[in-house]
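The structure appears below as structure tokens.
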Amino acid sequence: MPRRRRTRALIPAICILAFLALLSTGLAAATRCATCGNAIRGRYIKAEGKAYCSQKCYQASLPACATCGKPITGRYLKHEKKNFCSQACLDAVLPKCKTCGEAVQNYVLIGDHVYCERDAAAPRCDACGLPMTKGDELPDKRRLCERCSGRVVLDPKAAKSIYRRARREVEALTGYSFKGLPKLKLVGREKMPTARKGTPLRDVQERGYYLREEQIDTYRNGRGRVLRTETKVTETIHILYGLTPDELLCTAGHEFTHALQARSLPELHAKAPEWLKEGICQYIAAAIARRHHYAEELEDIEKSTHPAYGRGYRYLKKRFGKNNWKGLSTWLRNVDAGKLPRELPEEKQ
442 MPRRRRTRAL IPAICILAFL ALLSTGLAAA TRCATCGNAI RGRYIKAEGK AYCSQKCYQA
502 SLPACATCGK PITGRYLKHE KKNFCSQACL DAVLPKCKTC GEAVQNYVLI GDHVYCERDA
562 AAPRCDACGL PMTKGDELPD KRRLCERCSG RVVLDPKAAK SIYRRARREV EALTGYSFKG
622 LPKLKLVGRE KMPTARKGTP LRDVQERGYY LREEQIDTYR NGRGRVLRTE TKVTETIHIL
682 YGLTPDELLC TAGHEFTHAL QARSLPELHA KAPEWLKEGI CQYIAAAIAR RHHYAEELED
742 IEKSTHPAYG RGYRYLKKRF GKNNWKGLST WLRNVDAGKL PRELPEEKQ
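Here it is, written out as structure tokens:
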């Protein structure tokens, strides 16, 4: 999903602390020290219209560096209403680029990470969406940063284990028991659908899809009379290889929920609008993410701008709460899917 991007400019101002210190003598009975408040008699220091009884009181009046705390007596840098005696002290409080580690004044915020403008322009990792300087390329041309390369699932056996776990998660959340497991097929990005019912997919990167195929065989006698018909159902769940374990579990949970709809709610599966079918699947995927504290997965689901995936999920969450499959399933069995709106209205910001 789209990643948040924000640019913020930090412009340090070089300021000159200008003061004129004058040593004055004579009677000053009516003059009081601007720091300690004591009456001044004899020699004193005058700076910027204020009098100080001693060098100590004068030093105490000077602005202090926000980093080292030392009084600033000459040129200084100002940033966010704070004073700094040197570039080194300013750099100590500036954000650091996630890639090169340098303190940055002009930076790009991607997600919750800070990058200098140079590193922000680097190619993005297809798994985490962050800029990368080193990494690997998968057969389908997806690029992975070093961190994600060590986390993604490429081994079919490991993927099958997570796939079976996803089935158990969906069964635990819904109370539905799967009899027979849809076949798992790991595929590259080129096998993912780019359109649905002729409409191009936008604002969403497909990570999986459920395919149900029915073959009806009709048997007749010699006179052409129908003796029987047999329906053979083939179910396949296609999932993108190279996902992280978190992504794979939530994606598999989403697709298993499509299978659940096709098996136990066939009329709804056939007639319901896309926002409801995808919203149901995202509802279960979010419950899985919430259950295992998958913060990034949950955020992607919660903040999706897609009219079916995002709006559909938020509609169901608002209506039934975060984890109320019982209430949702009761409603699904009674609602007339054919009378539901084809699209949900845009949400108010």
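Each residue of the sequence shown is one higher than the one before, counting from 442 in my numbering.
By construction, the Cβ of each residue, glycine as well, lies at the ideal position given by its N, Cα and C atoms.
Contact under 9 angstroms by Cβ, residue i with residue j
i, j, result
"Pro536", "Tyr517", "no"
"Tyr682", "Thr670", "no"
"Tyr735", "Thr698", "no"
"Lys601", "Leu625", "yes"
"Arg592", "Leu690", "no"
"Ala562", "Phe619", "no"
"Ile513", "Cys494", "no"
"Arg565", "Arg630", "no"
"Leu503", "His520", "no"
"Lys712", "Ala749", "no"
"Ile729", "Glu610", "yes"
"Arg731", "Lys780", "no"
"Gly621", "Glu676", "yes"
"Ser770", "Thr615", "yes"
"Phe761", "Gly751", "no"
"Asp560", "Cys538", "yes"
Simplified DSSP assignment, three categories, for residue i
i, result
"Gly751", "helix"
"Pro786", "coil"
"Val505", "The displayed chain sequence assigns Ala, not Val, to residue 505. Looking at Ala505 - three-state DSSP - the assignment turns out to be strand."
"Gly720", "helix"
"Ala488", "strand"
"Glu647", "coil"
"Thr514", "coil"
"Pro572", "strand"
"Val611", "helix"
"Ala726", "helix"
"Asn775", "helix"
"Ala544", "strand"
"Lys523", "strand"
Nearest-angstrom Cβ-Cβ length linking residue i and residue j, presumed shorter than 8 angstroms
i, j, result
"Gly720", "Ile678", "19 angstroms between Cβ atoms; not a contact."
"Lys575", "Glu587", "5 angstroms"
"Asp577", "Leu585", "5 angstroms"
"Gly753", "Leu785", "7 angstroms"
"Glu715", "Ala778", "With a Cβ gap of about 11 angstroms, Glu715 and Ala778 do not count as contacting."
"Pro634", "Glu655", "So it is not a contact: roughly 19 angstroms between Cβ atoms."
"Thr472", "Cys498", "Not quite, the Cβ-Cβ distance comes to about 13 angstroms (not below 8 angstroms), so this is no contact."
Closer than 9 angstroms to chain B by CB, residue i
i, result
"Glu671", "Although the question refers to chain B, the structure presented lacks it and comprises just one protein chain."
Start-to-end residues for the beta strand (DSSP E) that takes in residue i
i, result
"Thr746", "From DSSP, Thr746 is part of no beta strand (DSSP E); its letter is neither H nor E."
"His679", "Val667 to Leu681"
Classification of residue i by the beta-carbon crowding that lies within 10 angstroms, buried from 16 upward
i, result
"Asn524", "buried"
"Ala568", "buried"
"Ala533", "exposed"
"Lys789", "exposed"
"Cys589", "buried"
"Thr672", "exposed"
Residue range of the alpha helix (DSSP H) that includes residue i
i, result
"Lys712", "Pro707 to Lys712"
"Arg559", "Glu558 to Ala561"
"Arg588", "Glu587 to Ser590"
"Leu531", "Gln528 to Asp532"
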